[in-house]
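Following UniProt numbering, the numbering of the sequence shown begins with 1 at its first residue and continues without gaps. Every residue, glycine too, gets a C-beta built ideally from N, C-alpha and C. These numbers come from a predicted model, not from an experiment.
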Amino acid sequence: MADKVQALPYFFGNITREEAEEYLRQGGAGDGLYLLRQSRSFLGGFALSVAYGRQLYHYTIEREMNDTYAIAGGKSHRNPIDVIDYHSQESDGLICLLKRPFNRPRGTEPKVGPFEDLKEQLIRQYVKQTWNLQGSALEQAIISQRPQLEKLISTTAHEKMPWFHGKIDREDSEQRLLRSSHVNGKFLQRENNGRNVSYALCLRHNNQVMHYRIDKDKAGKLSIPDGKKFDTLWQLVEHYSYKPDGLLRVLTETCPRPSQDSGGHIENPYNFRSNLRGELPKPNIFNNTEAMPMDTQVYESPYADPEELRSTTVKRSDLTLEDGELGSGNFGTVLRGVYQMKKTQKIVAVKILKNEDNNAAVKDEMLREASVMQQLDNPYIVRMIGICEAESLMLVMELAELGPLHKFLQKNKHISVKNITELVHQVSMGMKYLEEHNFVHRDLAARNVLLVTQHYAKISDFGLSKALTEEENYYKAKGHGKWPLKWYAPECMNYLKFSSKSDVWSFGVLMWEAFSLGQKPYKGMKGNEVIQMIESGERMSAPADCPPEMYDLMRKCWTYRPDERPGFSVVEPRLRHYYYDISQ
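Now the structure itself:
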């Protein structure tokens with residue numbers, strides 16, 4: 001959504017209310033003339049400025065809890081563009097209908113706020129510092145978790161700002177403001193000492209220091225008493241740097257906090273709108289249910305530490321099995337275990353071969369799966385840790401504790417569209433990796449996507465997977481087997497041909513499973529009926545409450561001809577951009 005709004009000719013970006021009014025006056029301030037701008041108070045929100053009766057009016061378009069947008073007290077809409085379209089037909093609380101947009105002057109881009117300039121740098125710095133990630137792991141983390149990272153950075157960015165002095169008392173703040181340059185409007189923010197987190201804005205004026213308490217209401221909004229409310233401390237500072245609005249004067253100059261490496265002396269002053277320096281703090285704010293993938297044990301390979309030498313085998317003496325099955329199947333059972341590595345212990349899943357008849361074919365099938373998995377290393381794929389041959393053949397793998405995606409969705413029907421989109425996007429990232437490395441999965445379905453947390457999915461079950469040669473971009477099976485036909489593309493059933501494009505078809509079915517909250521695809525239909533339906537050009541209808549953008553992507557995944565079907569290099573960015581849009 002951010003990109004779509006940015007492209008609107010009447011969106012001015014991070015301008016002030018006064019700047020908006022000046023633009024509308026330049027346009028004649030006729031009744032119903034309007035422009036859209038970024039909210040300077042609400043994260044992810046917008047403001048609508050409208051002219052009527054030679055007066056100018058301003059309405060906040062807030063982003064609501066369910067990721068919809070509305071003018072306070074008004075009807076909810078999917079995005080700000082829909083809000084504008086609606087109020088072009090219905091005033092519904094506005095002073096008048098929106099009649100004519102005032103467009104930016106030619107060659108003028110939407111104004112970027114001071115924080116926007118820093119955001120990308122702060123995100124990368126945060127990910128590097130907090131999770132010690134580099135290279136592709138860092139890029140994957142940023143792509144997958146950008147909405148959460150942006151929100152985290154936005155709400156903790158004040159700790160990086162030079163005007164934020166942390167926990168100091170009233171007297172210390174006064175000394176810092178009075179002993180440096182004699183500038184009215186010099187300021188700092190401090191955190192009050194006490195059990196509850198609260199802040200104060202300290203402002204120098206005529207050799208005195210005024211202290212303004214910053215209150216936080218039940219919704220988490222910040223304000224000085226009876227003042228305008230903000231989502232973040234840096235928005236509050238930005239606002240009062242343009243207008244006093246209840247303060248004695250505007251904020252003019254930062255009082256920088258003492259440099260940690262200069263013996264406590266104040267750094268040279270510089271304007272707080274200039275580039276900011278310092279290290280981003282590493283707050284530990286996540287609990288298990290809301291943990292980002294990077295907070296888990298299984299985001300990076302257990303062998304990412306060079307001191308942990310990679311091995312294809314696991315010693316039985318280093319493996320402890322726990323009671324109770326995680327799952328079972330034709331091959332045997334899956335148990336939870338603990339693997340003692342050189343420097344650490346890992347909680348693992350152990351697939352144990354049940355082979356009382358000593359069937360060589362069963363063992364070979366399990367070893368083939370292990371061979372494929374050992375070649376793969378991606379945060380969104382269950383990694384193989386090693387093979388243990390003892391009382392039984394055992395595959396030691398990463399543990400995804402919440403189990404299969406479809407079962408989780410069946411038990412948790414309250415889950416949001418944003419959360420579902422987040423998970424299927426992660427699956428598309430794992431499949432894009434397979435596509436880039438010439439692997440076909442051949443059994444992609446919700447049952448083979450395992451959840452580490454509610455916000456972290458991994459692709460599993462590589463028993464049917466194949467590595468493709470550089471010369472061939474498909475695998476041709478020798479004959480039909482026990483295949484999951486309801487997930488298979490037409491060319492698989494008709495010509496026994498499997499490629500990354502056939503995995504895309506399966507991914508479309510997986511998306512349908514996810515947005516239907518774990519329902520069975522083609523419910524009640526037999527395999528030959530599904531084939532007839534597909535050959536006739538019919539496709540499954542959209543799940544209830546499925547966003548049209550997501551159903552449209554499913555339909556593209558179900559394009560009949562594989563050469564016209566998108567690859568994961570197209571599917572993943574489309575999912576990513578939609579996920580970013582609904583997370584703004």
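Just the Cα atoms here: how many angstroms apart are residue i and residue j?
i           : j    : result
A29         : Q55  : 8 Å
L35         : L122 : 30 Å
L399        : V197 : 37 Å
I534        : D461 : 26 Å
G263        : S181 : Note that G263 scores a pLDDT of 35, beneath 50, so its modelled location is shaky; the value from the coordinates is reported in the next line. Taking the straight line from one Cα to the other gives about 19 Å.
E549        : D305 : 41 Å
G278        : E159 : Confidence in G278 is poor, its pLDDT being 36 and thus under 50, which makes the residue's placement unreliable; the coordinate value appears in the next sentence. Going from the Cα of G278 to the Cα of E159 covers about 10 Å.
A70         : C96  : 16 Å
residue 604 : K221 : In the structure as shown, the chain starts at 1 and stops at 584, and residue 604 therefore has no counterpart that could be examined.
P379        : Y240 : 43 Å
V362        : A390 : 16 Å
Q148        : A514 : 21 Å
R316        : S144 : 36 Å
D563        : V504 : 12 Å
D245        : T344 : 56 Å
R249        : G227 : 14 Å
F439        : H406 : 24 Å
T16         : D545 : 38 Å
W234        : D172 : 22 Å
R25         : D169 : 47 Å
K75         : G93  : 10 Å
P543        : Y578 : 18 Å
W131        : V382 : 19 Å
So, using beta-carbon positions, are residue i and residue j closer together than 8 Å?
i           : j    : result
F507        : L451 : no
V509        : A457 : no
Y488        : S502 : yes
G430        : D443 : no
P101        : P162 : no
G13         : V112 : yes
residue 607 : F46  : One cannot answer for residue 607 here, as it falls past the ends of the chain, which runs 1 to 584.
G32         : L98  : yes
F42         : T60  : yes
S251        : Y212 : Per the sequence shown, residue 251 should be read as Leu rather than Ser. Going by C-beta atoms, L251 is not nearer than 8 Å to Y212.
P225        : N103 : no
S392        : L353 : yes
A20         : R37  : yes
L485        : G537 : no
S465        : F568 : no
L188        : L178 : no
H455        : N419 : yes
M394        : V350 : yes
Give the DSSP bridge partners of residue i, in chain order.
i    : result
F164 : Q189
M366 : DSSP output for M366 lists no bridge partner at all.
T155 : Answer by DSSP bridge pairing: none, since T155 is not bridged.
L35  : S49
C492 : Answer by DSSP bridge pairing: none, since C492 is not bridged.
Q55  : Y52
C388 : M394
I61  : F46, I71
E325 : L335
Q345 : Q340
Using the Cβ count rule (16 or more neighbours within 10 Å means buried), how would you classify residue i?
i    : result
G518 : buried
K186 : buried
D581 : buried
D231 : buried
Q208 : exposed
K523 : exposed
L236 : buried
R565 : buried
V571 : buried
S583 : buried
N193 : exposed
G332 : buried
Y551 : buried
Y433 : buried
Y495 : exposed
E491 : buried
G386 : buried
L437 : Reading off the sequence shown, one finds His at residue 437, where the question assumed Leu. Exposed is the call here.
S183 : Per the sequence shown, residue 183 should be read as Val rather than Ser. With fewer than 16 other Cβ atoms within 10 Å, it is exposed.
S516 : buried
E62  : buried
T108 : exposed
Residue ranges of each beta strand (DSSP E) within the segment 189–259, 3 or longer = 199–205, 208–216
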